[in-house]
Amino acid sequence: MNVLQKLIRVTIDEGLMGAARRIAEYMAWRARLLARINLNEKFRVFIDRRFDRKYGVDTSGLIGVKGLDVTSEQKDSGIHYEPTPVPALRAILDSLPVDHSKFTFIDYGSGKGRVLLLASEYPYQRIIGVEFANSLHTIARANIARWNSRKQKCADIASVCMDARDFQLPDDPLVIFFFTPFLSPVIDRVVENIQESFRIKPRPIRIVYYGTNEKFMGLLSKLGFSRREIYSKRPFSALKHYKGHLFSSSQ
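Under my numbering, the first residue of the sequence shown is numbered 28, with each subsequent residue one higher.
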């Protein structure tokens, strides 16, 4: 039932005065929701900028895919640049049931490199970001060079600029991170590559997906990995409730 149908039904059931009251209640609710969304956005920007100022890096901002220096084909399957929220990422990495020192960390759609920087605060063997936009890759490399955290435990950090479909996964045990990086057909091929890599060399693989795309989670489920939720926190805005999901190989 759409809004107009609901309004007609309320008018029939409660009369014009009842319909007017319902409209006023709806407008008040919408105003409160917009205020919460605005508060959420201001808080996100504050946290992002504080992180960048503290470490002298540039990881913040939202950039539409049309503003990225990529081919038209890549734009069709790409997603805008949006950095993973710092608090959520730290909570997710803290909750991973792995010995970080035995894993290589991969971030698909690594953008300006925020995830790479924060992952370096854990003792991974090495950290690799895969980014298709050269402009973001260039910023990521500069951020890696400037990164200076007292918590840093992994110095082997690299950003590579290439189509994610062409990236060859290393044979190491892997933690693979996704935050709404791209659409079909790219994501389909990436998942196929993960499956083939695991078939050739069975090993511990942990895939972390932070987002809400059920189709993508369905693709990951076809890998036959176990799945469980490892992070869920409702922000100020009810419109953006991302969750962290962990897909684990049997190894």
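Note that the Cβ used here is the ideal one computed from N, Cα and C, for glycine as well.
Closest by C-alpha distance to residue i, when choosing among the options
i: residue 126; options: 195, 202, 96, 80; result: 202
i: residue 94; options: 162, 71, 210, 78; result: 162
i: residue 241; options: 131, 206, 72; result: 206
i: residue 143; options: 122, 169, 197; result: 169
i: residue 111; options: 215, 75, 256; result: 75
i: residue 204; options: 274, 91, 73, 129; result: 274
i: residue 80; options: 175, 232, 181; result: 175
i: residue 211; options: 243, 239, 198; result: 243
i: residue 256; options: 276, 245, 249, 235; result: 235
i: residue 199; options: 130, 220, 245; result: 130
i: residue 188; options: 43, 215, 157; result: 157
i: residue 221; options: 239, 181, 276; result: 276
i: residue 284; options: 173, 172, 128; result: The structure shown does not extend to residue 284, since the chain is modelled only from 28 through 278, so no value can be given for it.
i: residue 82; options: 172, 121, 181; result: 172
Close Cβ partners of residue i (< 6 Å) along its chain, the five nearest in sequence each way excluded
i: residue 99; result: With a pLDDT of only 47 at residue 99, under the threshold of 50, the placement of this residue in the model should not be trusted; the figure read from the coordinates follows. If we look at residue 99 and ignore the five residues flanking it on each side, it has no Cβ neighbours.
i: residue 251; result: none
i: residue 178; result: 148
i: residue 60; result: Only weak support is given to the placement of residue 60: the predicted model assigns it a pLDDT of 49, under 50, and the value that follows is read from those uncertain coordinates. Excluding residues within five positions, none has a Cβ falling inside 6 Å.
i: residue 78; result: 113
i: residue 194; result: 157
i: residue 43; result: none
8 Å contact criterion, which residue i and residue j should meet: CB distance rounded
i: residue 133; j: residue 155; result: 5 Å
i: residue 186; j: residue 137; result: 6 Å
i: residue 183; j: residue 153; result: 4 Å
i: residue 192; j: residue 218; result: 11 Å between Cβ atoms; not a contact.
i: residue 247; j: residue 224; result: So it is not a contact: roughly 14 Å between Cβ atoms.
i: residue 123; j: residue 233; result: 7 Å
Residue i: first and last residue of the uninterrupted beta strand (DSSP E) it sits in
i: residue 140; result: That residue, residue 140, is in no beta strand (DSSP E); it is neither H nor E in DSSP.
i: residue 274; result: 270-275
i: residue 256; result: 253-259
i: residue 235; result: 232-238
i: residue 186; result: 184-188
Cβ-based neighbour list, residue i, same chain, cut-off 7 Å, excluding 5 preceding and 5 following
i: residue 301; result: Here the chain covers residues 28 to 278 and nothing more, so residue 301 does not appear.
i: residue 117; result: 145
i: residue 139; result: 85, 86, 110, 163, 166, 167, 170
i: residue 91; result: 107
i: residue 96; result: 160, 161, 162
i: residue 24; result: What is shown of the chain runs 28 to 278, which leaves residue 24 out entirely.
i: residue 73; result: none
Minimum Cβ-Cβ distance from residue i to chain D less than 8 Å
i: residue 209; result: The question asks about chain D, but that chain is absent: this structure has only one protein chain.
Beta-carbon proximity list for residue i, same chain, < 8 Å, skipping 5 on both sides
i: residue 115; result: 237, 258, 260, 269, 271
i: residue 89; result: 107, 108, 109
i: residue 215; result: 246
i: residue 150; result: 127, 128, 180, 181
Residue range of the alpha helix (DSSP H) that includes residue i
i: residue 248; result: 241-248
**Request:** Pick out the complete beta strand (DSSP E) segments inside the stretch 193-230, 3 residues or longer, and give them in chain order.
**Result:** 201-205
**Asked** What are the complete beta strand (DSSP E) segments, minimum 3 residues, inside the stretch 123-172?
**Response** 131-135, 153-158
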